[in-house]
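So the structure is just underneath, and the comments pick up after that.
Residue numbers (the numbering used here), protein chains in the order written: chain P, 194 to 589; chain R, 194 to 589.
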């Protein structure tokens with residue numbers, strides 16, 4: 194069987210007219226003798242609406258029920274896409290996580306795919322030309338619905354491509370992958386090719402192009418990825434192991450809605466810090482950039498997290514504070530994380546000094562670096578200034 | 194275990210505020226040491242919105258995909274209700290048809306429940322005080338989602354009550370069952386008690402109080418039913434085998450949105466009629482009142498169906514007409530079906546003559562009768578006049 198996996202993002206599915214248009218494109222591929230597995234996100238806006246309903250009930254809605262709620266979004270778009278294809282005379286069928294047997298671990302709202310029943314899916318493919326699979330969701334061994342974290346439909350698509358050793362095409366409103374988000378910096382350039390490692394750093398840092406887990410799986414199973422615009426005729430971006438040409442810095446990514454929390458006056462015992470990280474980890478709260486400084490016989494700690502999780506973090510840190518009444522905890526919202534990424538950084542020095550030079554006098558709150566990236570946390574009011582300076586400095 | 198099944202209708206769940214209010218009432222029952230199985234409909238309006246999306250894609254959307262689409266409605270309300278209960282400190286969990294294993298046959302959009310895995314549900318009840326089960330839906334042996342037909346959440350509730358030999362409480366915006374729909378006739382009276390047989394005829398005839406399959410199952414398993422208002426303190430209506438007092442006519446029901454189709458000039462061979470009914474039956478198209486007359490060496494046939502199915506009926510009858518080019522087929526919309534129902538009719542004669550007398554000069558299009566009911570089809574413009582005459586005649 195000549196199988197291709199395609200994934201369509203939520204904004205490409207935001208109304209019935211768009212769904213019909215995509216169905217027409219899929220139908221052409223079927224007529225060219227391909228079997229297709231289509232992974233769909235929820236119709237644009239749906240997930241936000243559902244999350245808003247939950248928020249009206251609780252600041253910290255039960256995660257198991259949250260997954261039960263939001264997974265309906267992809268079931269809606271999958272069934273509509275299937276209807277549209279059947280209307281065109283194509284043999285199509287929609288499958289949710291129960292039906293496709295996409296098995297995950299039990300970490301609600303942030304699960305990982307553990308196994309896909311490819312045998313069962315193959316049977317569906319024998320009887321249909323197109324399968325429409327709900328992205329972003331799976332089932333746990335307890336029979337609960339789980340979700341893979343925001344943007345997890347990419348992961349669903351790549352995992353399915355991996356299960357069938359098939360190429361994977363990711364369609365969205367962007368005609369490819371850019372050196373930085375063109376919505377923030379209009380002179381951003383489209384890349385013809387990029388490596389798994391570079392896109393991985395960009396994805397992790399919020400470039401909003403591909404879900405990190407998706408790229409990790411693609412890299413592991415060497416799945417050819419292609420990112421392009423759903424309704425665009427332009428050629429998109431190919432993702433492979435190594436790019437043909439290497440520039441020092443390939444991309445600049447922006448992660449919005451960051452919160453910095455600063456905890457001061459902790460007792461001078463690093464076990465306390467470890468305890469706190471363990472405590473947050475058990476609640477599946479992810480922290481990002483971390484900085485620890487000892488001042489005046491006490492430990493002062495600062496880290497960043499996604500603003501969306503602020504209620505969960507506040508509750509957890511308030512509980513933690515019960516045992517350390519003397520410490521002060523301050524949450525500071527409205528920050529952005531900017532990062533420059535490039536495989537070339539491994540071989541060429543001086544990137545850090547160019548990075549800080551470009552940012553000049555801007556007050557940097559936190560910094561982290563890796564082999565192929567440098568990131569900093571800034572107040573969001575400096576976003577545009579910093580973006581432009583960095584894009585000019587690294588010719589992005 | 195002291196188990197009660199409750200069902201809440203869509204208009205009682207139309208916003209988060211109402212869901213929270215119901216959660217509070219359920220929490221009180223849990224504190225009084227009850228285990229509850231709560232069956233929920235979709236939030237008021239949701240199913241219509243979803244059906245509208247499908248209609249934008251096809252006049253005759255694929256039924257399997259239609260079920261996949263609309264079943265999301267109950268999953269949304271179930272997860273929200275469960276969240277609201279957990280927020281109140283109650284051990285609650287929502288279950289969809291896959292999780293509760295509500296098995297049906299494979300007739301999409303109009304399936305019947307065949308088996309409920311009560312053992313599995315009991316395990317959930319051991320670990321939780323309240324189960325929130327998605328009404329209206331099931332799974333077929335092929336692993337597809339099915340729905341029980343509009344209003345099927347009543348059936349889900351009564352079937353669950355049957356599986357646990359538990360009483361069943363049906364809550365809606367109506368504070369009980371009335372002699373006729375109070376929205377159409379403001380002087381309608383609330384009944385204290387009614388028999389399964391009477392409510393069955395009223396339900397089948399569109400009194401909009403209880404889904405017919407629900408009453409059939411309640412009658413079969415002798416499940417005590419109680420219908421009351423979700424947010425009302427008034428006592429509702431009890432449904433049992435025989436009512437205490439019997440009046441000749443207990444209720445008057447109205448079924449709106451009826452279409453009459455008239456097929457003239459069919460060849461004088463009753464096999465043709467049987468063929469046509471078989472043809473429609475295979476497509477799961479339900480016809481209601483039927484009248485057949487032979488005139489001038491040809492068969493003339495008229496029957497009614499639910500206007501909602503008009504596209505399916507038109508397509509099917511157009512296909513049928515291919516083989517009988519001489520026949521004329523006319524669909525006439527905007528009709529209502531009025532029926533009077535009463536156990537007392539079995540013992541007292543003269544009801545038919547009082548019925549036709551009351552309707553006097555109104556043009557009746559079709560008539561059917563049973564042991565305990567008389568129905569007629571009328572143009573909808575005569576609805577109010579006919580309703581008032583019949584209610585006065587039978588003191589309803």
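Glycine included, C-beta positions come from ideal geometry on N, C-alpha and C.
Remember, predicted model here, so these are calculated numbers, not experimental data.
- Relative to residue 200(P), the option among 565(P), 350(P), 268(P) whose CA is nearest is 350(P).
- Among the bridge pairs identified by DSSP, residue 521(P) is matched with 457(P).
- Chain P has no Cβ within less than 7 Å of the Cβ of residue 282(R).
- When secondary structure is reduced to three states using DSSP, residue 319(R) falls in the helix class.
- Taking the Cα of residue 468(R) as reference, the smallest distance to any Cα among 407(R), 514(R), 450(R) is reached at 514(R).
- In this structure, the alpha-carbon of residue 329(P) lies about 23 Å from that of residue 429(P).
- Just measuring C-alpha positions, the residue of 388(P), 371(P), 458(P), 285(P) sitting nearest residue 380(P) is 371(P).
- For residue 409(R), the enclosing alpha helix (DSSP H) starts and ends at 405-414.
- Looking at the DSSP output, residue 499(R) shares a beta bridge with 451(R).
- At a C-beta separation below 7 Å, residue 571(R) has no neighbours in chain P, since its nearest C-beta there lies roughly 36 Å away.
- Comparing alpha carbon positions, the residue from 312(P), 337(P), 282(P) closest to residue 253(R) is 282(P).
- Taking 8 Å as the upper bound for CB-CB distance, residue 278(P) and residue 220(P) are in contact here, some 7 Å apart.
- Secondary structure at residue 392(P): helix, using DSSP grouped into helix, strand and coil.
- Straight across, the Cα-Cα distance linking residue 442(P) with residue 315(P) is about 42 Å.
- Rounded to whole angstroms, the separation of the alpha carbons of residue 258(P) and residue 566(R) is 46 Å.
- Of the residues assessed, residue 248(P) falls on the exposed side of the cut-off, its CB having fewer than 16 other CB atoms within 10 angstroms.
- In the structure shown, residue 587(P) adopts coil according to DSSP, grouped into three states.
- Taking the CA atoms as reference points, residue 342(R) sits about 13 Å from residue 299(R).
- Residue 491(R) is positioned such that its CB atom lies no closer than 7 Å to that of residue 484(R).
- No Cβ of chain P is located within less than 7 Å of the beta carbon of residue 240(R).
- For residue 422(R), the beta-bridge partners assigned by DSSP are 365(R).
- Residue 262(P) belongs to the set of residues whose beta carbon lies under 7 Å from a beta carbon in chain R.
- Taking each of 321(P), 414(P), 313(P) in turn and checking the Cα distance to residue 359(P), the smallest one comes out for 414(P).
- Positions of the alpha helix (DSSP H) runs, each at least 4 residues long and wholly inside the region 248-334 of chain P, are given as 256-263, 265-280, 290-293, 311-320 in order along the chain.
- Judged by pairs of C-beta atoms under 8 Å, the region 525-535 of chain P touches the region 446-456 of chain P, as three or more such pairs exist.
- For the region 527-560 of chain P, there are no residues whose beta carbon sits under 8 Å from a beta carbon of chain R.
- Among the residues facing chain P, residue 268(R) is included, as its CB has a counterpart in that chain under 7 Å away.
- In the three-state DSSP reduction, residue 575(R) falls in the helix class (H, G or I).
- Nearest C-alpha to residue 226(R) among 194(R), 256(R), 251(R), 241(R): 194(R).
- With a cut-off of 8 Å on Cβ pairs, the region 559-573 of chain P is not in contact with the region 325-339 of chain R, counting fewer than three such pairs.
- The Cβ atoms of residue 395(P) and residue 530(P) do not sit closer than 7 Å to each other.
- In this structure, residue 369(P) keeps its C-beta atom at 7 Å or more from the C-beta atom of residue 382(P).
- Closest in C-alpha terms to residue 309(R), from the list 353(R), 534(R), 589(R), comes 353(R).
- The alpha-carbon separation between residue 511(P) and residue 472(P) amounts to approximately 12 Å.
- Here DSSP, grouped into helix, strand and coil, assigns residue 505(P) to helix.
- In the assembly as shown, residue 280(P) is a buried residue. Its beta-carbon has 16 or more other beta-carbons within 10 Å.
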